[in-house]
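Trainee:
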Amino acid sequence: MRGQQTCQFQDQTIPAGLKTWLYAPGSLTQQLTDLAGGQFQVQPLRESFQRLSFEDAKWLGMPHQHTSWVRESYLYGCEEQPWVQAKSIFPILSLQKKARLFKHIGKKPIGRFLFQRTNPACERRVILLPEGWTRQSCYTWHGCKFIVQESFLPSFEQFLHSSFQQQRG
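Following the numbering used here, the numbering of the sequence shown begins with 74 at its first residue and continues without gaps.
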């Protein structure tokens, strides 16, 4: 990702409670909604056209100079602090196809559309960014390729830890 440092890590450095979330298949929207007792909210931060980073272009199999539409948002569960910082990268070619609907969903979660009656192909990588442990997923959905990046924020790790403590005590 442009301007972001990734860190090399070994699996055992990922906090145990977070590992399941980083590698979980399916809709993170649904998983967070379930964890939060039915509560879930998307707060869009920025939406803009940007050039693909070299790394993302390579992963998507597209030219580096290709333009994409990028949506950044916070995902909230049942607390005041956001749990996840999300970034979705849609190459222009995908927006000319069925994925064009993602450009106009506002505060609706991408997962509600992405996993509705479909199970898209997904390649995933897990990295450590300054925001926190992050999963990057490259989806192929109805012939469209795009990247969804989800960084689990410290507030989410704290929620998991306190929930685990309550279950034990």
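Idealized CB from N, CA, C, for every residue including glycine. These numbers come from a predicted model, not from an experiment.
Within 10 angstroms of the Cβ of Thr106, are there 16 or more other Cβ atoms? Answer buried if so, exposed if not.
Mentor: For the purposes of this step, residue 106 is identified with residue 33 of the sequence shown, where counting begins at 1. Per the 10 Å Cβ criterion, buried.
Trainee: Looking at Pro182: is its Cβ nearer than 8 Å to the Cβ of Arg144?
Mentor: Against the sequence shown, residue 182 aligns to sequence position 109. Against the sequence shown, residue 144 aligns to sequence position 71. Going by C-beta atoms, Pro182 is not nearer than 8 Å to Arg144.
Trainee: Pick helix, strand or coil for Gly104, following the three-state DSSP scheme.
Mentor: As a working note, residue 104 is residue 31 in the sequence shown. The displayed chain sequence assigns Gln, not Gly, to residue 104. Reduced to three states, the DSSP call for Gln104 is helix.
Trainee: Measure the alpha-carbon distance for Leu168 versus Ser224 and round it to whole angstroms.
Mentor: For this step, residue 168 is matched to residue 95 along the sequence shown. For this step, residue 224 is matched to residue 151 along the sequence shown. Cα to Cα, the separation comes out at about 24 Å.
Trainee: Can you give me the C-alpha to C-alpha distance between Gln114 and Gln103, rounded to a whole angstrom?
Mentor: Mapped onto the sequence shown, residue 114 falls at position 41. Mapped onto the sequence shown, residue 103 falls at position 30. Roughly 11 Å between the two C-alpha positions.
Trainee: Counting only the same chain and skipping the five closest in sequence on each side, list residues whose C-beta sits under 7 Å from that of Gly99.
Mentor: For the purposes of this step, residue 99 is identified with residue 26 of the sequence shown, where counting begins at 1. Counting only Cβ-Cβ distances below 7 Å, and skipping sequence neighbours, we find Phe188.
Trainee: Pull up the distance between the alpha-carbon of Ala89 and that of Val199, whole angstroms please.
Mentor: In the sequence shown, the residue the question calls residue 89 occupies position 16. In the sequence shown, the residue the question calls residue 199 occupies position 126. Roughly 14 Å between the two C-alpha positions.
Trainee: I need the DSSP call for Leu226, collapsed to helix, strand or coil.
Mentor: Looking up residue 226 in the sequence shown gives position 153. The answer is coil: DSSP assigns Leu226 none of H, G, I, E or B.
Trainee: Could you check whether the region 212-219 touches the region 170-185, counting it as contact only if at least three pairs of C-beta atoms, one from each stretch, sit closer than 8 Å?
Mentor: Because the criterion of three Cβ pairs below 8 Å is met, the region 212-219 and the region 170-185 touch.
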